[in-house]
Structures are given as structure tokens and as C-alpha cells.
Amino acid sequence: MFLNGLPIYHLIHSGLVLLFMFNNKSILITGGTGSFGHQYVKTLLAHYQPKRLIVYSRDELKQYEMQQMFDAPCMRYFIGDVRDKDRLTQAMRDVDYVIHAAALKQVPAAEYNPMECIKTNIHGAENVIAAAIATNVEKVIALSTDKAAAPINLYGATKLASDKLFVAANNMVGQGRTRFSVVRYGNVVGSRGSVVPFFQKLVNEGAQSIPITHPDMTRFWITLQMGVDFVLSNFQRMHGGEIFVPKIPSVRIMDLATAYAPEIPTKEVGIRPGEKLHEVMCPSDDSYHTFEFADHYVIAPSIKFYQEDIRFDCNKQGEKGSLVEAGYEYHSGNNPHFLTVDEILTFDDSL
Numbered sequence: 002m003f004l005n006g007l008p009i010y011h012l013i014h015s016g017l018v019l020l021f022m023f024n025n026k027s028i029l030i031t032g033g034t035g036s037f038g039h040q041y042v043k044t045l046l047a048h049y050q051p052k053r054l055i056v057y058s059r060d061e062l063k064q065y066e067m068q069q070m071f072d073a074p075c076m077r078y079f080i081g082d083v084r085d086k087d088r089l090t091q092a093m094r095d096v097d098y099v100i101h102a103a104a105l106k107q108v109p110a111a112e113y114n115p116m117e118c119i120k121t122n123i124h125g126a127e128n129v130i131a132a133a134i135a136t137n138v139e140k141v142i143a144l145s146t147d148k149a150a151a152p153i154n155l156y157g158a159t160k161l162a163s164d165k166l167f168v169a170a171n172n173m174v175g176q177g178r179t180r181f182s183v184v185r186y187g188n189v190v191g192s193r194g195s196v197v198p199f200f201q202k203l204v205n206e207g208a209q210s211i212p213i214t215h216p217d218m219t220r221f222w223i224t225l226q227m228g229v230d231f232v233l234s235n236f237q238r239m240h241g242g243e244i245f246v247p248k249i250p251s252v253r254i255m256d257l258a259t260a261y262a263p264e265i266p267t268k269e270v271g272i273r274p275g276e277k278l279h280e281v282m283c284p285s286d287d288s289y290h291t292f293e294f295a296d297h298y299v300i301a302p303s304i305k306f307y308q309e310d311i312r313f314d315c316n317k318q319g320e321k322g323s324l325v326e327a328g329y330e331y332h333s334g335n336n337p338h339f340l341t342v343d344e345i346l347t348f349d350d351s352l
């Protein structure tokens, strides 16, 4: 059943306020030509009437290609890099909401090009924060990754630093209105550079084997639409300073190989530089300020904000959570929800 084009379960989950929250608002997404940006723009145009919807990215070809798909009157395309604070500030004038999705995300590339990763993921985060405060943006949500929790690779370390910057930015605002939060989730089904397109490419090319890093490896699994919906919901939920973590299923890498290449044998090739056997989203060291809600977790800031005393066990929608047990860790290996091989094949954005 639908209301105003949105599923009823979405309204129950997100609250009726969300139905109108983005109408007549100016919204900017950094790195907007990526997989998330495409699904995000598609969703907003389908269900809301934004005043302006600004795609901010540095690749003119990707912007040109995206313009062929999304050319609504509210659309704006800004060429710019998050490393350029002045350009960001110009792009954010009169903007209400910002989603920061721009990042260098490939783990091996970050290991071999560390300074480039730092410039984009850390200095870029600083610039987004400074521009948002300077232009009096109302709310900013930064996209994070499970690799930022107890990181062992440079990409994860830079995203952890970025998360810390966005949390602490709520203290930098002073008496301003801007609030910052973070959304952290796992591997996105079918996104660029992910394992599913890679497996499918090997199958199409007639590969003799499917490379497996380790037979016991697990990963969190989320669709693009689930990620977009979770981000949009948290604009309504956020106080500012939280890290939102969705409850999502896990997959076993061997089950992925069986699902997408059932007739091809696997070959173990070893864990790549900077990879983990299991990914973490809520580390045990954060359990003392992690709250469990019905369908997500909230990692509250470890620092106290000087301007107000916030109860992070109750969000702005009135949903209530409870503190997890001391030492609790939410990782892809201990997740109570694993997808079966059949479920993997049907787990897509049609759900």
C-alpha cells in the first residue's frame, strides 16, 4: 500500500514529517555522480519536490552522463572538488541539507596513494564542515563505512578521522544552527568496484575459477535503496553528533560465489592488503555509549557538547533505544541475520 508514492512501511518507519521534509528545500550531495548519488537523486525526485538538488563532483563526464538521466528543473550540477573549500562554500549558499558522499574508497588504491586519500577523506571533510558552517546549512550527514570501525587500512583510518571531525563539528558551530551526524553501513550490493559486478564479469568472460580471499570471510550487505532510505530517515532523527548504524544482514563470501557463479570452482588467493576477515560497525570499545533501537544502533559522541545536554537514547522522532551490554560488538561474523544463497540472489533494490 502506498501514500503519496511512498510505501506505508516507510512512513511508519520514518514518520509522516519525513514525507514533506525535503519539499521546497535546497539539498547538496558531494560525490553525487557515484552509485549512492544516482539512487539518492532518483529517490528525491520520485517522492519529493525539492527547491534545488545540487550534484557536486569533480568529473565533468560523469556529470554530463548523469544530466541525461536527471534533468528536472530543480537539478543543478557543480563541478568542484571537496579539496577546494572556496568552491564548496560557493556551492552551499542557501543550501538547507548536505549529504557528504565524496571519498576515495578503494582499499588497495589508498594503501598505495596514502596522501591522496588523506587529502580527500580528511581535508575534504574539514572543508565540508567549514563551508557548511560558513553558509549556515541546517543539517549535514556524512557517509561513513564499516571499515572506519577499528580500522586496519588507511581508507578506514581516514574515514574514522572524518567521522571524528563531523562529530566534533557540533562543538565548532557555537550559536549557529548547523548540525552534523554520520551514517555508517557496510558493502553496497552492485556498487561500482564491489564484488558482485566483479564476479559477474568473470562469469561473462568464461573464467576457470572465482578468486576468494578467505573462505571464512563475511561482510555486511545493504542495497543502495536501503542506504538512501536510512540516510533520509536520519535527517529527521538526528540531534547532531550521532553515528547511525543500520541493522542489516551479513553474507559469507563463499555463499556469494555460489550464488553468482554456481558452476565455477573457487580459488583461495589470500586476504588483500588492509582487508579484515569480518567487518565491524559498532566496536566493543564504543559499547559504553552505543544505543540499540528497533532497526538501528546509535553510537553517541564520547565528548560532551558544551551548548546542550542531549539524550541520545531518544531521537528527534521520539524513538527510544537502550544501552547495549558492556563489551558488545556488532560485526559481520556475529550478526544474527545471514542471507542464504537464494536470498542473496533476490536481495536487490526491488525489495
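Residue numbering for the sequence shown follows the numbering used here, beginning at 2 and increasing consecutively. We put the beta carbon where it would ideally sit given N, CA and C, even for glycine. Being a predicted model, the structure only gives us computed values, none of them experimental.
- A buried status is given to Pro152, since no fewer than 16 other beta-carbon atoms sit within 10 Å of its beta-carbon.
- Boundaries of the beta strand (DSSP E) around His101: 98 to 101.
- The DSSP-derived three-state label of Val138 is coil.
- Burial check for Glu293: the Cβ neighbour count within 10 Å reaches 16 or more, so the residue is buried.
- In the structure shown, Leu166 adopts helical secondary structure according to DSSP, grouped into three states.
- According to DSSP, Thr267 shares a beta bridge with Ile211.
- Three or more beta-carbon pairs separated by less than 8 Å link the segment 133 to 151 to the segment 272 to 287, which places the two stretches in contact.
- For Ile153, no alpha helix (DSSP H) segment is defined, and its DSSP state is neither H nor E.
- Ranked by Cα distance from Leu161, the first of Tyr186, Met255, Gln40 is Tyr186.
- Under the DSSP assignment, Ile345 falls in the alpha helix (DSSP H) whose first and last residues are 342 to 347.
- When secondary structure is reduced to three states using DSSP, Phe79 falls in the strand class.
- Distance from the CA atom of Met22 to the CA atom of Leu155, rounded to whole angstroms, is 36 Å.
- For His215, same chain residues with a beta-carbon under 8 Å away, outside a window of 5 residues either side, are Ile254, Glu269, Gly271, Ile272, Leu278 in chain order.
- Taking every protein chain shown into account, the CB of Asp164 has 16 or more other CB atoms within 10 angstroms, so this residue is buried.
- The segment 121 to 129 makes contact with the segment 69 to 85, as at least three CB pairs between them are under 8 Å.
- For the options Met76, Pro115, Ser58, the alpha carbon positioned closest to that of Tyr49 is the one of Met76.
- A distance of 8 Å or more separates the beta carbons of Asp314 and Ser303.
- Annotation for Ser234: the continuous alpha helix (DSSP H) segment containing it runs 225 to 238.
- Minimum Cα-Cα distance from His101 among the listed residues Thr31, Ala110, Phe348 corresponds to Thr31.
- Less than 8 Å separates the beta-carbon of Ser333 from that of Arg220.
- A straight-line Cα-Cα distance of about 39 Å links Phe79 and Lys321.
- Sorting Asn24, Ala47, Glu61, Lys26 by C-alpha distance to the C-alpha of Thr34 places Glu61 at the top.
- The C-beta of Gly207 has fewer than 16 other C-beta atoms within 10 Å across all chains shown, which makes the residue exposed.
- Contact annotation, Arg180 with Gly241: C-beta distance approximately 3 Å; criterion of less than 8 Å satisfied.
- In this chain, Met218 is not harboured by any beta strand (DSSP E), its DSSP state being neither H nor E.
- With fewer than 16 neighbouring CB atoms inside 10 Å of its own CB, His338 falls in the exposed class.
- Straight across, the Cα-Cα distance linking Trp222 with Phe200 is about 16 Å.
- Shown here, Leu54 sits in a strand according to DSSP, grouped into three states.
- If you draw a straight line from the Cα of Ala135 to the Cα of Asn172, it is about 14 Å long.
- Membership of Ile272 in any beta strand (DSSP E) is not indicated, and neither H nor E is assigned to it by DSSP.
- Linking His297 to Lys63 through their CA atoms gives a straight-line distance of about 33 Å.
- For Val183, the CB contacts under 6 Å within the same chain, skipping 5 residues up- and downstream, are Ala143, Ser145, Asp164, Phe167, Ile244 in chain order.
- Burial state of Pro74 is exposed, judged by a 10 Å Cβ sphere holding fewer than 16 other Cβ atoms.
- Looking from the CA of Thr291, the closest CA among Pro247, Glu264, Ile265, Pro51 belongs to Pro247.
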